[in-house]
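As structure tokens, the structure follows; a few thoughts come after it.
Number of protein chains: 2
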Amino acid sequence: MVEKEISQAVISRLPRYFRYLGELKDNGVERISSKDLSLLMKVTASQIRQDFNNFGGFGQQGYGYNVEYLHNEIGNILGLDQKHHLIIIGAGNLGQAIANYMNFERRGFIFKGIFDSNKELHGKEIRGMVVQPMEEMPSFIKENEIDIAVLTIPKSAAVAVADKLVQCNIRAIWNFAHVDLTLPGNIQVENVHLSDSLMKLSYNINRFEPEPADNLE
Amino acid sequence: MVEKEISQAVISRLPRYFRYLGELKDNGVERISSKDLSLLMKVTASQIRQDFNNFGGFGQQGYGYNVEYLHNEIGNILGLDQKHHLIIIGAGNLGQAIANYMNFERRGFIFKGIFDSNKELHGKEIRGMVVQPMEEMPSFIKENEIDIAVLTIPKSAAVAVADKLVQCNIRAIWNFAHVDLTLPGNIQVENVHLSDSLMKLSYNINRFEPEPADNLE
Numbered sequence: 001m002v003e004k005e006i007s008q009a010v011i012s013r014l015p016r017y018f019r020y021l022g023e024l025k026d027n028g029v030e031r032i033s034s035k036d037l038s039l040l041m042k043v044t045a046s047q048i049r050q051d052f053n054n055f056g057g058f059g060q061q062g063y064g065y066n067v068e069y070l071h072n073e074i075g076n077i078l079g080l081d082q083k084h085h086l087i088i089i090g091a092g093n094l095g096q097a098i099a100n101y102m103n104f105e106r107r108g109f110i111f112k113g114i115f116d117s118n119k120e121l122h123g124k125e126i127r128g129m130v131v132q133p134m135e136e137m138p139s140f141i142k143e144n145e146i147d148i149a150v151l152t153i154p155k156s157a158a159v160a161v162a163d164k165l166v167q168c169n170i171r172a173i174w175n176f177a178h179v180d181l182t183l184p185g186n187i188q189v190e191n192v193h194l195s196d197s198l199m200k201l202s203y204n205i206n207r208f209e210p211e212p213a214d215n216l217e
Numbered sequence: 218m219v220e221k222e223i224s225q226a227v228i229s230r231l232p233r234y235f236r237y238l239g240e241l242k243d244n245g246v247e248r249i250s251s252k253d254l255s256l257l258m259k260v261t262a263s264q265i266r267q268d269f270n271n272f273g274g275f276g277q278q279g280y281g282y283n284v285e286y287l288h289n290e291i292g293n294i295l296g297l298d299q300k301h302h303l304i305i306i307g308a309g310n311l312g313q314a315i316a317n318y319m320n321f322e323r324r325g326f327i328f329k330g331i332f333d334s335n336k337e338l339h340g341k342e343i344r345g346m347v348v349q350p351m352e353e354m355p356s357f358i359k360e361n362e363i364d365i366a367v368l369t370i371p372k373s374a375a376v377a378v379a380d381k382l383v384q385c386n387i388r389a390i391w392n393f394a395h396v397d398l399t400l401p402g403n404i405q406v407e408n409v410h411l412s413d414s415l416m417k418l419s420y421n422i423n424r425f426e427p428e429p430a431d432n433l434e
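Residue numbers (the working numbering), protein chains in the order written: chain D, 1 to 217; chain F, 218 to 434.
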């Protein structure tokens, strides 16, 4: 689709642009300059222009960007104009939290099924989906044209389940298990390591020690 | 503590080093060269050396790095040798998932309390913590020396709650609400936007269209 190879660093920033432009649009803003967008998003205007130039620049800078147009274009680049069918593997709290998050559906990510190896969860209903045993997964993926699997299972089970998903011709895995999945090149993986961001927070707390407290009693 | 200003990009990579080194250590590996570490982690050896040079380099390259020493040092840099007291605000599925994730405690992140504005959840027990009303939060923070608040509440409530937390002299907010919190400079914030990574996955799926399927029936 896009001919030029765009760096993953640029791609990583697109959802944030999309989010801010969506809010501007909802607030009735029609045009915005790269300078105002940079102030709002706390990145440099030159970064914004460089990022956008990867996609042709999105219109004349002199007049600012057309917010709605830019929001749509970035959404299309992100593939949000297309529908994706997802399954969740792991019906614990995290799996349930993701299943219940309405905004994903709004962006075209449709949850079709949820699976768990724990028999006690089978039959439980989560947002209209009945938790199914793992054995049902391969046929379900085929019948429901599932392209994304969300892994919310412990690290110990994740690699074996991912291998199974590869056999099922899944196209992408959104992985919350605490292990980096490395899969064949045609399968896309996003590893989400929640504790990584908590550790970064911990570093920054220690880095910025508070002033001696004046308000101690 | 650290005199030189280290870029947040470097800091963002430290938890991943910490994770890989922990696994090597658990597997009994005593030393590893930057080259072998680079193959394992799929980053360049020069990136690793550059990152480590920010902290003095961590020992002689010729012999490789001492895995246990390096793991400990990076853990200390991340502040994992210290205990942090946390509260969770929002006792829904995501808040419960985080409360139940044992690995955080192992790293010194101790969950002390959980709060929600929903009366129906008050009194419910989550991993030994009783869900409390929001009104109890300020005194609880003070009495339990809470330094980190985890926000697992909708976007609409997040900004007001964050302001309240600032008044309570919280030191850091780990924010899962779908809005970038910008707070006074002495308060550390990590915004975790789950849908951003899902959108990146969506981009990459579209970017790498599958080969024409040979296995269609």
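Just so you know, even glycine gets a beta-carbon here, dropped at the ideal spot from N, CA and C.
Residue i versus residue j: straight-line alpha-carbon distance, rounded
{"i": "Asn-289 of chain F", "j": "Leu-238 of chain F", "result": "9 angstroms"}
{"i": "Pro-232 of chain F", "j": "Ile-153 of chain D", "result": "20 angstroms"}
{"i": "Gly-325 of chain F", "j": "Asp-364 of chain F", "result": "12 angstroms"}
{"i": "Asp-26 of chain D", "j": "Asp-196 of chain D", "result": "32 angstroms"}
{"i": "Val-161 of chain D", "j": "Val-383 of chain F", "result": "43 angstroms"}
{"i": "Glu-247 of chain F", "j": "Asn-320 of chain F", "result": "23 angstroms"}
{"i": "Val-131 of chain D", "j": "Ile-98 of chain D", "result": "14 angstroms"}
{"i": "Asn-361 of chain F", "j": "Thr-182 of chain D", "result": "42 angstroms"}
{"i": "Asp-163 of chain D", "j": "Ser-251 of chain F", "result": "29 angstroms"}
{"i": "Gly-64 of chain D", "j": "Ile-141 of chain D", "result": "45 angstroms"}
{"i": "Leu-415 of chain F", "j": "Cys-385 of chain F", "result": "34 angstroms"}
{"i": "Ile-228 of chain F", "j": "Gly-123 of chain D", "result": "44 angstroms"}
{"i": "Phe-18 of chain D", "j": "Ile-77 of chain D", "result": "10 angstroms"}
{"i": "Val-406 of chain F", "j": "Leu-287 of chain F", "result": "27 angstroms"}
{"i": "Gln-8 of chain D", "j": "Pro-355 of chain F", "result": "42 angstroms"}
{"i": "Ile-170 of chain D", "j": "Arg-106 of chain D", "result": "22 angstroms"}
{"i": "Arg-13 of chain D", "j": "Leu-194 of chain D", "result": "19 angstroms"}
{"i": "Gly-56 of chain D", "j": "Ala-149 of chain D", "result": "32 angstroms"}
{"i": "Arg-344 of chain F", "j": "Ile-327 of chain F", "result": "12 angstroms"}
{"i": "Ala-374 of chain F", "j": "Leu-241 of chain F", "result": "42 angstroms"}
{"i": "Pro-350 of chain F", "j": "Val-43 of chain D", "result": "37 angstroms"}
{"i": "Asn-408 of chain F", "j": "Asn-186 of chain D", "result": "30 angstroms"}
{"i": "Ile-291 of chain F", "j": "Val-159 of chain D", "result": "26 angstroms"}
{"i": "Ile-265 of chain F", "j": "Val-284 of chain F", "result": "14 angstroms"}
{"i": "Asp-218 of chain D", "j": "Ala-45 of chain D", "result": "Absent from the model: residue 218 of chain D. The displayed extent of chain D is 1 to 217, so no value can be given."}
{"i": "Ser-255 of chain F", "j": "Glu-352 of chain F", "result": "50 angstroms"}
{"i": "Lys-300 of chain F", "j": "Ile-205 of chain D", "result": "12 angstroms"}
{"i": "Asn-271 of chain F", "j": "Glu-222 of chain F", "result": "9 angstroms"}
{"i": "Asp-51 of chain D", "j": "Asp-268 of chain F", "result": "25 angstroms"}
{"i": "Glu-125 of chain D", "j": "Ile-32 of chain D", "result": "45 angstroms"}
{"i": "Met-41 of chain D", "j": "Gly-95 of chain D", "result": "31 angstroms"}
{"i": "Met-346 of chain F", "j": "Asp-180 of chain D", "result": "31 angstroms"}
{"i": "Phe-58 of chain D", "j": "Asn-100 of chain D", "result": "34 angstroms"}
{"i": "Pro-401 of chain F", "j": "Lys-200 of chain D", "result": "18 angstroms"}
{"i": "Phe-425 of chain F", "j": "Phe-208 of chain D", "result": "42 angstroms"}
{"i": "Leu-121 of chain D", "j": "Leu-338 of chain F", "result": "22 angstroms"}
{"i": "Glu-217 of chain D", "j": "Gly-28 of chain D", "result": "The predicted model places Glu-217 of chain D with a pLDDT of 36, which falls under 50 and marks its position as unreliable, so this point remains unresolved."}
N-terminal and C-terminal residue of the alpha helix (DSSP H) that residue i is part of
{"i": "Met-199 of chain D", "result": "194-207"}
{"i": "Leu-181 of chain D", "result": "Counting along the chain, Leu-181 of chain D falls outside any alpha helix (DSSP H), and DSSP gives it neither H nor E."}
{"i": "Glu-240 of chain F", "result": "225-243"}
{"i": "Glu-290 of chain F", "result": "284-294"}
{"i": "Ser-250 of chain F", "result": "Careful: Ser-250 of chain F lies outside any alpha helix (DSSP H) and carries neither H nor E."}
{"i": "Phe-52 of chain D", "result": "45-53"}
For residue i, the first and last residue of its enclosing beta strand (DSSP E)
{"i": "Phe-176 of chain D", "result": "Run containing Phe-176 of chain D: none; DSSP gives neither H nor E here."}
{"i": "Lys-112 of chain D", "result": "109-115"}
{"i": "Val-189 of chain D", "result": "188-191"}
{"i": "Leu-303 of chain F", "result": "301-306"}
Beta-carbon separation (whole angstroms), residue i vs residue j, contact threshold 8 angstroms
{"i": "Leu-368 of chain F", "j": "Asn-392 of chain F", "result": "5 angstroms"}
{"i": "Ser-419 of chain F", "j": "Leu-80 of chain D", "result": "7 angstroms"}
{"i": "Ala-394 of chain F", "j": "Lys-372 of chain F", "result": "5 angstroms"}
Contacts that residue i makes with chain C (C-beta to C-beta distance below 8 angstroms)
{"i": "His-178 of chain D", "result": "Given the protein chain composition of this structure (D and F), no chain C is represented."}
Heavy atom of the ligand FMN within 7 angstroms of residue i beta-carbon
{"i": "Gly-185 of chain D", "result": "Inclusion of the ligand FMN in the displayed structure is not the case, the ligand content being empty and no account of it being possible."}
Original post:
Can you list, in chain order, the stretches of the beta strand (DSSP E) that have 3 or more residues and sit fully within the stretch 316-383 of chain F?
Top reply: As far as the stretch 316-383 of chain F is concerned, its whole beta strand (DSSP E) runs of at least 3 residues are 326-332, 346-349, 365-368.
**OP:** May I ask you to verify whether the stretch 330-348 of chain F touches the stretch 305-320 of chain F, counting CB pairs closer than 8 angstroms and requiring at least 3?
**Re:** Yes, the stretch 330-348 of chain F touches the stretch 305-320 of chain F.
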